[in-house]
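As they're listed, the protein sequences go chains A and B.
The numbers in our numbering rise by one with no breaks, and the one at position 299 of the first sequence is 382.
The numbers in our numbering rise by one with no breaks, and the one at position 252 of the second sequence is 335.
Let me begin by presenting the structure, written as C-alpha cells, before commenting on it.
Protein chains: 2
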Amino acid sequence: MTISPLAPEHFPDLPTIAGIGLATAASGMRYQGRDDLLLITLASGSTVAGVFTQSDTAAAPVIWSRKVADTGKAAAIITNAGNANAFTGSRGDKAVREMVSSLANHLDCKAEAIMVASTGVIGEPLDTAALLPYFAALVNDANIQGVNASWHDAANAIRTTDTFAKGAHASCIIDGVAITICGIAKGSGMIAPNMATMLGYIGTDAALPSDVLGRCLRRANGDSFNSITVDSDTSTNDSVFLIASGKAGNRPVADADDLALKDFRKALAAVMNDLAIQIVRDGEGATKLVTIDITGAKDKTTARKIGLAIANSPLVKTAIAGEDANWGRIVMAIGKLGIGIPSDAISIDIGGCRVARDGMRVAEYDEAPIAAHMTGQMIDLAVSIGDGLGAARVWTCDLTHGYISINADYRS
Amino acid sequence: MTISPLAPEHFPDLPTIAGIGLATAASGMRYQGRDDLLLITLASGSTVAGVFTQSDTAAAPVIWSRKVADTGKAAAIITNAGNANAFTGSRGDKAVREMVSSLANHLDCKAEAIMVASTGVIGEPLDTAALLPYFAALVNDANIQGVNASWHDAANAIRTTDTFAKGAHASCIIDGVAITICGIAKGSGMIAPNMATMLGYIGTDAALPSDVLGRCLRRANGDSFNSITVDSDTSTNDSVFLIASGKAGNRPVADADDLALKDFRKALAAVMNDLAIQIVRDGEGATKLVTIDITGAKDKTTARKIGLAIANSPLVKTAIAGEDANWGRIVMAIGKLGIGIPSDAISIDIGGCRVARDGMRVAEYDEAPIAAHMTGQMIDLAVSIGDGLGAARVWTCDLTHGYISINADYRS
C-alpha cells in the first residue's frame, strides 16, 4: 500500500500514560503479517466517555459500547480490525457477548465494564473463535512494562485502508498538576461526520468525573471529527473513546465549564483536531488537503452545513484533484443545499485571493495566482455568505483516481 | 469524446409536431464545429409549463423562465450551451434581457413571452454579443419546413459533456384524437434530483390548459427526472419545459385528473422516464446502469429518499464499478440517513437473489450468482425496509475512473 503523500513525516513520540495499558496481537483473521487486535486496559477508578455513530444500522459493538460508556466507567476496550460485526443481527450481539465474557474472565471484572470496537467488512458474521484464543495473552501483556505495546503499535493494529498510523498528544495543567493526553485514530474511507466518525481513542491521566469527560469530548468532537469528510459516507462503527485514568492526581473538577479545565479542554481539542486532520490526510486516494472556512452564517451549525456541502461535492473535489480553480462548482454546492442563501451575499476566496464578491466574479479577476495555489498540496477555500456571526472550518481531500481504485477493489 | 457504453443504439425517429418550430446555430462561443444554440418556437395559442432547479443559486435564465412559465404561455425558448449564465449577478440578468429583447423583435412578440435556458460553465459572464447575431436566422429557419432543424439536431445543440443526443417519443389518444409527444434532454454530470434536473424539453400537439400541463408535468417529473442521480450535485440551471401547441385539435380537458388524460399522462411519463434514464446512461464515466427498487417504506417520499441515499453513496457506486457484490455498503447507506429504519427490517436482493433478510446475511448465502450479475451492464438492487406500502424506483450509474478524468479536466 502506497503511503499517502499527505502523511506526516513520522508518528509522534507518545508517552505512556499511568493507568492505561496497551497490548496488541495478530489473529490473522483478515490481515496477514500484522496486528489486528488491540486491548486497552484501564486502572480501577478510571472514568470514560464516548461518542458513537448516529447511523440507524449501527453495529453490534457500537450498541453495546454506548451502554457501557453511559455508565461512565470501564475496565477495558477491545478492538478488532477486519470485520465490523455490523448488520450481523442476533449473531452479532452474541459475538459481542462472547468477547466481553471471555475478557471479563481474564480481567476478573464484569462483562458490562468492557467496551468493544470493530472495524472492517460489513455484513459478514464475526467468528469469535478466531479471536478469543488471544485474549489471555493480551490481558497479560497490557499491564507489564516493557511487554505492553506502544501507542504506535496500538495505532497500527486498528488500521484497515489507512496508509499510516495516526497519533497525537498534548500536555496541559489542571490546578497546577501536569496532565498528559495521548490519542490514536483510524479512518480513511467511509468518513462523514455524524456525531462521531471512525475510531478514535484518547487517553489521559487526568482525574475527571465521567460527565465532565463527556462534555469535554462532545465539545471538542464538533470542531474536529465532526468537521471532516472524505466521501460523505457514514460508517456503521464510528466510535470515539475518551478515557481518564486519574493517575495524575489532580483535583477531580466537577464542572466542565470550570476555568481550571480551560487548558485541558484546549489540549484535548488540539489532540482531536490533529487526529481528525490526519484522517483527511489519509483520505482514500487523497493528494490534497482542503481547508474550508465559512463565515457570515447565521450560526455555527449553518456555517458547518455549508462547509460540508462544499467538502462533499464530487464536482468540487474532482476540480481540486485536477488543479482547476473551478469556483463555479463551489457556488453550485452552496446553492444545492436549498437553505435560502441569496447569491448576492456570497463571496469566495481561493488561496487568499478574492475570486467572487456579492454574487458575481470580481471585476479584477486574475486566474494566475489562483491557478498557482491549486497546484499545491494545501488548498484553502474561504466563503462568506453574509454578515452573520456564524463561522466554521471543515476539512476534506480531493477526489482522485486513487479513491476509485481503492474502493472498486477493497471490500470494506 | 468516447460514446457511453450504455448509449442506446441510435437516436429514435422523432416526428415533427405541428405548431412547434426548431432551429439550431453554431455561435462558436465555446465549442467549435457543432451547434450550440437552439430556438424552439411555439404557435400562437400554445400553452406551457415548467419545473426548475430548487437551487438557492439558480441562474439568471432560470429566474426569468420560471416567471414566464408561471403565465402558462410562451412564444419561444432559446437555449445556449457552453455558458450557464449562473452566479453572474446583475450582469447575468442584463444578458437575459438582451437575449429576450432581441428575439422578441425578430418574433414580433413580447419579451416576457420568451423563455431562456443556459447550460455550461458557472460564474463566467455571458457575452451576448457572440449570440445575438444568430437570432434573425434562427427565427427565420424555425418555421420553414425543410429548413428547420430535426429533434436530433436540437438534442445535439444542447449537449455539454453528454456523449450522445437524448430523445424519446410516444403517441396517445385524448378523446379519440391522436396526440404526439416528443422530448429531448441533456445532462451527464451535476445530476441530482431536486424538483427538476438538467435541461428537458417535451413538446406535444395536444390542446391543454397550462395548469393541466403543469400538473401532468410535475407528476411525471417525480418518477422520472426527480428519481435519477449521477453524482448528487444539483445544477444551478436545471429546467424541464412541457410545451403544447394545441394543433391536434382535441377538446382542451380542464382537469388533470380527467380520465380522458389517462393515456396522455401515461405517454408523457414514458417519454420523461425514457429521457431520464438516458441521462443516467450518459452519466459521466458510467459503465453500468443501476436500478434500485425500494419497497416497504411508510410512504413514497421515504422510499425515494432511501433509494437516493444508496444511489448517491460513492462507496456503493465504486463497488458496482469494481463488480463487487459489496452489499454491506448498501446497509451503510441506509443507516447513514438516520431516519429510524431498524436493521432487523432490512432485506436486500441483488439481481433477483436474496442476500440479506431481517437484518443479517441469509444463511444460504451464495455469492456466485450475485457476482455473475455484477459483471453485467444492468445492475438491479432491491431493498425492502419493512411492511409499509411506500415504494419507489431510482436510477444511478457506477462511479468510475472516467468520472474523475472528465471532471478533473472539464470546467463545467
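No residue lacks a Cβ here, since even glycine has one placed at the ideal position from N, Cα and C.
Please read these numbers as outputs of a predicted model, since none were measured by experiment.
Out of curiosity, what's the CA-to-CA distance linking residue i and residue j?
| i | j | result |
| --- | --- | --- |
| G332(A) | C255(A) | 14 Å |
| A394(B) | R149(B) | 29 Å |
| P452(A) | N409(A) | 14 Å |
| A101(B) | T124(B) | 11 Å |
| G379(A) | T263(B) | 52 Å |
| Y284(A) | N320(A) | 14 Å |
| I429(A) | E207(B) | 15 Å |
| A398(B) | A416(B) | Per the sequence presented here, residue 398(B) reads as Leu, with Ala not at that position. So the alpha carbons of these two residues sit roughly 9 Å apart. |
| A200(B) | S173(B) | 17 Å |
| L186(A) | D365(B) | 54 Å |
| D258(A) | F347(A) | 10 Å |
| T171(B) | A446(A) | 11 Å |
| L300(B) | A352(B) | 8 Å |
| K193(B) | S184(B) | 8 Å |
| A455(A) | G411(A) | 18 Å |
| A359(B) | G250(B) | 10 Å |
| G155(B) | L105(B) | 20 Å |
| L221(B) | M457(B) | 47 Å |
| G471(B) | A142(B) | 39 Å |
Buried or exposed: where does residue i fall if 16 or more other Cβ atoms within 10 Å of its Cβ makes it buried?
| i | result |
| --- | --- |
| H252(B) | buried |
| D357(B) | buried |
| T130(A) | buried |
| P276(B) | Reliability of the predicted coordinates at P276(B) is poor, the pLDDT of 45 falling under 50, and the value obtained from them is presented with this limitation in mind. Buried is the call here. |
| T140(A) | buried |
| T280(B) | With a pLDDT of 45 at T280(B), under the threshold of 50, the modelled position of that residue is not reliable, and no figure is offered here. |
| I86(A) | exposed |
| S271(B) | buried |
| K269(B) | buried |
| T384(B) | exposed |
| K400(B) | buried |
| E450(A) | exposed |
| I205(A) | buried |
| N163(A) | buried |
| N223(B) | exposed |
| D191(A) | exposed |
Closest by CA to residue i, which one among the options?
| i | options | result |
| --- | --- | --- |
| Q460(A) | A219(A), F94(A), N320(A), T374(A) | T374(A) |
| D210(B) | A353(B), A465(B), A169(B), S488(B) | A169(B) |
| I362(B) | T312(B), R348(B), D341(B), I326(B) | T312(B) |
| A132(B) | M457(B), K345(B), N309(B), A327(B) | A327(B) |
| I487(B) | R412(A), A402(A), I389(A) | A402(A) |
| G418(A) | A392(A), E406(A), G405(A) | A392(A) |
| I103(B) | A446(B), T243(B), S467(B), A159(B) | A159(B) |
| Y448(A) | R387(A), T370(A), A439(A) | A439(A) |
| T370(A) | V414(A), T483(A), G165(A), G128(A) | T483(A) |
| R113(A) | R242(A), K156(A), K249(A) | R242(A) |
| N304(B) | E367(B), M355(B), K381(B) | M355(B) |
| A386(B) | N490(B), I424(B), T287(B) | I424(B) |
| G74(A) | N226(A), L291(A), I468(A) | Only positions 84 to 495 of chain A appear in the structure, and residue 74(A) is not among them; the question remains open. |
| T99(A) | A157(A), T287(A), S396(A) | T287(A) |
| A465(A) | I489(A), G390(A), G442(A) | G390(A) |
| F218(A) | D441(A), L120(A), L97(A), T246(A) | L120(A) |
| R137(B) | A225(B), V323(B), V151(B) | The question names Arg, but residue 137(B) is Gln in the sequence shown. Selected option, being the one with the closest Cα: V323(B). |
What are the residues that DSSP puts in a beta bridge with residue i?
| i | result |
| --- | --- |
| V373(B) | I462(B), T479(B) |
| S467(A) | T378(A), S430(A) |
| L325(B) | A132(B), I285(B) |
| T211(A) | The partner list for T211(A) (beta bridge, DSSP) is empty, contrary to what the question assumes. |
| I311(B) | W478(B) |
| C192(B) | Answer is none; C192(B) lacks a bridge partner. |
| A439(A) | I431(A), R444(A) |
| M198(A) | I160(A) |
| S254(B) | T263(B) |
| I103(A) | L125(A) |
| K269(A) | L282(A) |
Closer than 8 Å, CB to CB, is residue i near chain E or not?
| i | result |
| --- | --- |
| T85(B) | Chain labels in this structure do not include chain E; the protein chains are A and B. |
| Would you call the segment 122 to 142 of chain B and the segment 222 to 240 of chain B touching, i.e. three or more CB-CB distances under 8 Å? | yes
| query | Is it true that the segment 333 to 352 of chain A meets the segment 280 to 300 of chain A, where meeting means three or more beta-carbon pairs spaced less than 8 Å apart? | reply | yes
| said: Closer than 8 Å is the cut-off here; do at least three beta carbon pairs connect the segment 432 to 452 of chain B with the segment 470 to 478 of chain A? | reply: no
| said: Whether or not the segment 237 to 246 of chain A and the segment 298 to 311 of chain A are in contact is what I'm after, with contact meaning three or more pairs of Cβ atoms, one per stretch, closer than 8 Å; do they touch? | reply: no
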